[in-house]
Ligand SMILES: NC(=O)c1ccc[n+]([C@@H]2O[C@H](COP(=O)([O-])OP(=O)(O)OC[C@H]3O[C@@H](n4cnc5c(N)ncnc54)[C@H](O)[C@@H]3O)[C@@H](O)[C@H]2O)c1
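Numbering (our numbering), first residue to last: 133 to 515.
See below:
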């Protein structure tokens, strides 16, 4: 809470300057109830019986997740699976000091009775099948987003996870980010009044990695399903529901044939309508030029607004709310891993549960369908 005095000083000086100038109180009081200490990371005791973990897919994300899960000191890596021998070597090096079994066929890992929980971090076209088989095998699953390539795939995986007696957590680490949490909680508590509009963008000054599966929209689901599903989750989580319809335009108009054969969009601009005429305006592109690149998610309500990514609240007239207590460490994925392990121990649903995964994936599919058709599409019409 070291930021409180400076925030107060800022407000005092803003108010003082306004009254000295004979102005009415500023309409927007900048308030920043910053909620986390980014350097804070709980020190954890190694339990007598760590969670026995397997991993399927030890590429970019899988390697990072494996490291993070090991940093919690709560897991024992007992199985590695990848079709690429270099990935297996990477996994062995990360799990140094442990003796995991190695599998090329993920179904054999799922049949391994020593494995209690599985991290899945494979290309999106494998998600539906792997997710369903994992939960049906009775394994708890930390499952990288999205929940599939289509609404049907996401529904089927959701149903399978709901029926299985396992903990199923989707890789939405933003749900465990302290700033996001504070902002969304403020929205849910009504601090900014009724949310009427959301504005968000992800404008990259560089492209996604040119991995063949990622550049192929039949395998990745396209950038809106593979990547912007994170934002879709924030919209659905913050607005407690799902969009009813979407419309927009997008495609490839700059990174043409880069890389050769590219079929994923390089940009789009999308509008989505949630209940009560709440509208979301989102744009996503990869050829921005710094410093005009970057990301934001703003929720605008009748009484104020929040900057979700910064955890800042701005009110039109009332004094800013008191800073919220710190609850999370600075690393989203570390928090997410801890929640998963804790919820497996307690057999409780995690924060980033299958329902969040379902709604966000379907919202992304809705947006993609509207973009591909170039005309409005209703939620009830997506498949
Ligand atoms: N939560 C996040 O912020 C985040 C960030 C990046 C990626 N992701 C997600 O993680 C997943 C993986 O992305 P990535 O960037 O690590 O991709 P990647 O290509 O770097 O890694 C995928 C790995 O899966 C392996 N694989 C492919 N087919 C397999 C099979 N049949 N059995 C076992 N292993 C197989 C590949 O050999 C590779 O090692 C995707 O779903 C992606 O959307 C999430």
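Using N, Cα and C, we set each Cβ at its ideal position, and we do this for glycine too.
Buried versus exposed, by CB contacts within 10 Å (16 or more), residue i
| i | result |
| --- | --- |
| residue 352 | buried |
| residue 277 | buried |
| residue 285 | buried |
| residue 225 | exposed |
| residue 231 | exposed |
| residue 321 | exposed |
Assigned secondary structure, residue i (DSSP; H/G/I helix, E/B strand, else coil)
| i | result |
| --- | --- |
| residue 371 | helix |
| residue 430 | strand |
| residue 176 | coil |
| residue 233 | strand |
| residue 348 | coil |
| residue 397 | coil |
| residue 291 | helix |
| residue 444 | strand |
| residue 388 | coil |
| residue 439 | strand |
| residue 507 | coil |
| residue 421 | coil |
Contact with chain D by residue i, beta-carbon distance below 9 Å
| i | result |
| --- | --- |
| residue 263 | Checking the listed chains, one finds no chain D in this structure; it contains a single protein chain. |
Length of the line joining the Cα atoms of residue i and residue j
| i | j | result |
| --- | --- | --- |
| residue 394 | residue 259 | 21 Å |
| residue 253 | residue 438 | 32 Å |
| residue 480 | residue 299 | 7 Å |
| residue 514 | residue 356 | 15 Å |
| residue 496 | residue 275 | 17 Å |
| residue 423 | residue 335 | 10 Å |
| residue 527 | residue 216 | Because the chain in this structure spans residues 133 to 515, residue 527 falls outside the shown range and cannot be described. |
| residue 417 | residue 399 | 4 Å |
| residue 509 | residue 502 | 5 Å |
| residue 179 | residue 207 | 9 Å |
| residue 465 | residue 223 | 18 Å |
| residue 366 | residue 469 | 19 Å |
| residue 482 | residue 244 | 24 Å |
| residue 372 | residue 383 | 29 Å |
| residue 287 | residue 449 | 43 Å |
| residue 248 | residue 426 | 39 Å |
| residue 163 | residue 436 | With a pLDDT of only 42 at residue 163, under the threshold of 50, the placement of this residue in the model should not be trusted, and no figure is reported. |
| residue 369 | residue 487 | 10 Å |
| residue 389 | residue 345 | 15 Å |
Nearest-angstrom Cβ-Cβ length linking residue i and residue j, presumed shorter than 8 Å
| i | j | result |
| --- | --- | --- |
| residue 308 | residue 485 | Actually they do not touch by this definition, with Cβ atoms about 13 Å apart. |
| residue 404 | residue 312 | Not really, about 19 Å apart at Cβ, beyond 8 Å. |
| residue 250 | residue 266 | 5 Å |
| residue 407 | residue 376 | 6 Å |
| residue 219 | residue 191 | 6 Å |
Where the alpha helix (DSSP H) through residue i begins and ends
| i | result |
| --- | --- |
| residue 321 | Run containing residue 321: none; DSSP gives neither H nor E here. |
| residue 196 | 192 to 203 |
Residue i: first and last residue of the uninterrupted beta strand (DSSP E) it sits in
| i | result |
| --- | --- |
| residue 275 | 272 to 275 |
| residue 258 | That residue, residue 258, is in no beta strand (DSSP E); it is neither H nor E in DSSP. |
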